[in-house]
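What follows is a single structure, written as structure tokens, with notes after it.
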Amino acid sequence: MTAQPSVRNLSIDGDRLWDSLMEMAKIGKTAKDGVCRLALTDLDRESRDLFIDWCKAEGCSIRIDKMGNIFARREGRNPDLPPVVMGSHLDSQPTGGKYDGVYGVLSGLEVIRTLNEAKYETEAPLEVVCWTNEEGSRFAPAMVASGVFAKVFDLEYGHSRADVDGKTMGEELERIGYMGPDEATIDAHPMGAYFEAHIEQGPILEDEGKDIGIVTDAQGQRWYEIKFTGVEAHAGPTPMKTRKDALLGAARVVDLVNKIGLDRSPLACATVGMMQIHPNSRNVIPGEVFFTVDFRHPDDAVLADMDKALREGVEKIAKDIGLQTELEQIFYYAPVPFDKSCVDAVRMGAELGGFSAREIVSGAGHDACYLAQVCPTAMIFIPCVDGISHNEIEEVHKHWSDAGGQVLLHAVLAKADETVMQK
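Going letter by letter, the sequence shown gives residues 0 to 422 in numbering that gives the first Met the number 0.
Written out as structure tokens, the structure reads:
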């Protein structure tokens, strides 16, 4: 039998990875050189089709589950072992960048390409996964498909998520041809480990001149939807003291949310990111306002305190103005510690490649946060220019992309060949 190449001598093709990123970025390209590929749109379907074509060209088998999650599998020597999985997502924000999510999918594909080229056979199978609707931009909440996979949500809940036009995920999965036949849970598809490479989406790594972020934990999150209902009235004849202005209430909550975050900084984040005003006419006092709140913190007790402050504040603001209010928490997960052995594999990968690295806590939510509840999981961060993400001008330097792919390769091999190395 031909001897396998040394793991230390394996190296990804950074140019090939970069070219794949640029090719995928043509799908949904925007005027400012970003991308718009909202989940389960025709453009999302096009990106999925291209990913599958590339995976099939590498000899991977493809399975798609009932949430549209795509798994591309490269067999290992021992098919009885659960696969070591890499991945992220291909959907984007309406004004998204070229790297958020897609980097994790295509760096995983590059690992497969590298191993095929080197004729390296792993002990455990390897897979690359593309999760559906990570962003939560079209269908709330975020990461709903990986949440179904991790049994946080059931399938009916996932399929029933609707966009602003009332179209559900189930309907759109059927429409674009990605309602797969397989069950969408970890029970039906066990994993030995999961690694997700991603841009940091913050400024820390670049500011400190680090190539790699070794992600140890992820912040907990709470998402809310709030509706204030007042009374629509003419902007001229209606005296100020008699008004029940729903937008005034919403504006006061925006200020409250900002204060809640500042009072618990530097680790807390608090954001009102979406608002819909009715009737949205320049000379009518708004009678109804719908808006969202996003809280994040790595300490669950602090998150609970932020929740209490929001609920008490909203109730007081509504009472002071005479508004009716609806407040619903639609999304929650506790702070996530990642698996020590997987984190150590990432650390080893950074050391083996000679890359500068630091431990870091993820401020954003990722599919890895749900996967960590059901299998050993870790993340690899690479810097992004000025920490900018969820923006068309999102950018990374190629050497960062190269570094992340190389660390992913070595971390995955450490877990895929773990049983061999332990003998």
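All C-beta atoms in this analysis are idealised placements derived from N, C-alpha and C, irrespective of residue type, glycine included.
Starting from residue i, trace the beta strand (DSSP E) in both directions and tell me its first and last residue.
i	result
ALA123	That residue, ALA123, is in no beta strand (DSSP E); it is neither H nor E in DSSP.
GLN200	Segment: none, GLN200 is in no beta strand (DSSP E) and carries neither H nor E.
MET21	Looking at the DSSP string, MET21 is not in any beta strand (DSSP E); the run it does join, the alpha helix (DSSP H), is 13-23.
ALA269	268-270
GLN323	323-332
ILE61	60-63
GLU287	287-296
VAL83	83-88
ILE276	274-277
Let me make sure I understand the geometry here. Which of the options has the alpha-carbon closest to that of residue i?
i	options	result
GLY272	HIS389, GLY165 and PRO81	HIS389
THR324	ASP162, LYS226 and CYS383	LYS226
ALA232	CYS268, SER280 and ILE211	SER280
GLU126	SER340, MET21, PHE194 and ALA333	PHE194
PHE337	ARG346, MET168, ARG76 and TRP222	ARG346
VAL342	ILE387, ASP216, ASP416 and ARG137	ASP216
SER361	LYS315, PRO334 and VAL384	PRO334
GLY386	HIS277, LEU255 and LEU204	LEU204
ASP319	ILE61, GLY212 and ALA245	ALA245
SER5	PHE152, LYS118, VAL301 and GLU155	LYS118
GLY212	PRO124, VAL147 and ARG357	ARG357
PRO285	VAL230, LEU261 and THR237	VAL230
So, with DSSP's three-state summary, where would you put residue i?
i	result
LYS118	coil
CYS341	helix
SER361	strand
VAL252	helix
THR215	strand
MET178	coil
HIS389	coil
ILE316	helix
ALA245	helix
LYS191	At residue 191 the sequence reads Gly, which differs from the Lys that was named. Here GLY191 sits in coil by DSSP.
LYS31	coil
ILE111	helix
ALA139	coil
VAL283	strand
LYS422	For LYS422, the predicted model reports a pLDDT of 40, less than 50, meaning its position is unreliable and no value from the coordinates is stated.
Along the chain, where does the alpha helix (DSSP H) that runs through residue i open and close?
i	result
PHE70	From DSSP, PHE70 is part of no alpha helix (DSSP H) but of the beta strand (DSSP E) over 69-73.
ILE379	Looking at the DSSP string, ILE379 is not in any alpha helix (DSSP H); the run it does join, the beta strand (DSSP E), is 376-381.
LYS226	Element bounds for LYS226: not the alpha helix (DSSP H) but the beta strand (DSSP E), 219-228.
GLN405	397-415
PHE152	Taken as a continuous stretch (DSSP letters only), PHE152 belongs to no alpha helix (DSSP H), as it is neither H nor E.
TYR369	366-370
SER46	41-56
Measure the alpha-carbon distance for residue i versus residue j and round it to whole angstroms.
i	j	result
LYS422	VAL101	Confidence in LYS422 is poor, its pLDDT being 40 and thus under 50, which makes the residue's placement too unreliable to answer from.
MET21	THR228	46 Å
ILE359	SER46	30 Å
GLY135	ALA249	22 Å
GLU224	GLU350	44 Å
LEU108	LYS258	43 Å
GLY191	GLN220	26 Å
GLN328	ASN282	32 Å
SER159	GLY86	25 Å
GLU199	GLY404	14 Å
ALA317	VAL83	51 Å
VAL423	GLY312	With the chain covering only 0 through 422, there is no way to say anything about residue 423.
ILE69	MET178	10 Å
MET0	GLU182	Any answer about MET0 is weak, because its pLDDT of 41 lies below 50 and its placement is not dependable; what the coordinates show is given next. Cα to Cα, the separation comes out at about 38 Å.
GLN275	PHE152	27 Å
ALA187	ILE51	21 Å
Please tell me whether residue i and residue j are closer than 9 Å, where the distance is taken between their beta carbons.
i	j	result
GLY352	VAL406	yes
LYS97	GLY201	no
TYR332	CYS368	yes
GLN218	LEU172	no
ALA141	GLN372	no
ARG263	MET305	yes
SER106	ASP99	no
LEU89	MET23	yes
GLY95	GLU393	yes
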